[in-house]
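Here the sequence shown is numbered in this note's numbering, starting from 142 and rising by one per residue.
All C-beta atoms in this analysis are idealised placements derived from N, C-alpha and C, irrespective of residue type, glycine included.
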Amino acid sequence: MVTLYDHRGEPVKTGQLKEPQTARMAHLHREFANHPSRGLTPARIARILEQAEQGDLTAQAELAEDMEEKDAHLYAELSKRRRAVLARDWDVLPAEDASGAEKQAAETVAAILRGMDMDSLLLDLAAGILPGYACIEIEWGRDGSTWAPEALHYRPPSWFMTRTDDRDTLRLRTATADGEHLQPWGWIEHRHPAKSGYVARGGLVRVLTWPFLFRNYAARDMAEFLEIYGLPLRLGTYPVGAGDDEKATLMRAVVGIGHAAAGIIPEGMRIEFQEATTGASDPFSAMLNWAEKSMSKAIVGQTLSSDTGDSGGGPFA
């Protein structure tokens, strides 16, 4: 009989393999994201990052997911990093001085993994690039005396936390302040520290949060600019002595003609189209370009593969 040992060298009870650890944590499965990117401000970002440093990773993890969903440029650059892994070959190799039994075990494990959807597993693990970690829960199945992974489940990074006295060990969030340690042989954990430091400060999300925020400010301001300055002013005039009903009729016509391109008004009234107010969108474009280039530098280390604008760098890259 083969005994399994965890990373601490302690034997693993096979009863732990019968069901996933989160199967008894219904509160996590019933959770919905709070979407902290709504109404995001510099002050709120500072609070979210500070909470993560104190062990509460939930808001920072949810913000990371919001950022990837809402920013097409950020999503595209992260996809380059994540999908680059799929082009790499992989194998399970025994140690150089392995015995015959160990070599056979390596071949068996390799055969099991090749029968699984490794592309999906690698993509899920690469999702840890942004928050700094990714956790895959293993659902085990048994065929006679052989235990093998039956399914692999990606768990949201918001399900995890750290303790204030151990800021580099991920734990499942529970109703207690300390959470619950990850069950041995129940998880595949990928750490992706973009920089040195404990887990809460290792993810790219902390670098990308600021250009994400300023890019959204610039996009919103540019939309308002186009709405205000891109359309001609419609000015209605009514004769002296016009009543409230006539004024209301003229106002409806002025408002409606901008969308319907047609309308009627009583005789004696007039609608004039004034030239749209002049203005420049260059400041907004400059902020958007700065934010996009900052994201590209942080994620892929350069801008040539994403910048196809006036510089012409993209096509040559």
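Would you report the Cα separation of residue i and residue j, rounded to the nearest angstrom?
i      : j      : result
Ala251 : Pro424 : 55 Å
Asp265 : Ile398 : 51 Å
His214 : Ala275 : 22 Å
Asp284 : Ile253 : 12 Å
Met142 : Ala242 : Legend: pLDDT at Met142 = 44, less than 50; position of this residue unreliable, value from coordinates given subsequently. Cα to Cα, Met142 sits roughly 14 Å from Ala242.
Ala267 : Ala389 : 59 Å
Gln195 : Gly180 : 23 Å
Ser437 : Thr444 : 6 Å
Asp319 : Val396 : 59 Å
Trp326 : Leu158 : 8 Å
Val441 : Glu191 : 26 Å
Pro459 : Pro152 : The structure shown has nothing for residue 459, since the chain only spans 142 to 458.
His322 : Arg224 : 31 Å
Val348 : Ala364 : 26 Å
Thr287 : Met166 : 27 Å
Glu330 : Glu280 : 14 Å
Gly409 : Arg393 : 16 Å
Ser446 : Asp260 : 24 Å
Arg171 : Val226 : 32 Å
Gln324 : Asp362 : 48 Å
Gly377 : Glu209 : 46 Å
Along the chain, where does the beta strand (DSSP E) containing residue i start, and where does it finish?
i      : result
Leu311 : 307-313
Met302 : 301-304
Counting along the chain, where does the alpha helix (DSSP H) carrying residue i start and finish?
i      : result
Glu330 : No alpha helix (DSSP H) contains Glu330, which is instead part of the beta strand (DSSP E) from 328-332.
Trp431 : 423-441
Lys244 : 241-255
Glu210 : 199-211
Taking C-beta to C-beta, are residue i and residue j nearer than 7 Å?
i      : j      : result
Pro161 : Glu278 : yes
Asp207 : Phe353 : no
Ile189 : Ala200 : yes
Leu262 : Leu219 : no
Asp306 : Tyr339 : no
Trp300 : Arg312 : no
Leu429 : Arg356 : yes
Val346 : Ala164 : no
Report back the beta-carbon spacing between residue i and residue j to the nearest angstrom; my notes put them in contact at under 8 Å.
i      : j      : result
Thr303 : Leu198 : 7 Å
Ala247 : Ala359 : 53 Å between Cβ atoms; not a contact.
Ala335 : Gly273 : 7 Å
Gly269 : His333 : 4 Å
Checklist entry - Taking the runs of the alpha helix (DSSP H) that are 4 residues or longer, which of them lie wholly in the stretch 154-184? => result The alpha helix (DSSP H) runs lying completely inside the stretch 154-184 and spanning 4 residues or more are 167-170, given in chain order.
Checklist entry - What are the complete alpha helix (DSSP H) segments, minimum 4 residues, inside the stretch 259-290? => result 259-267
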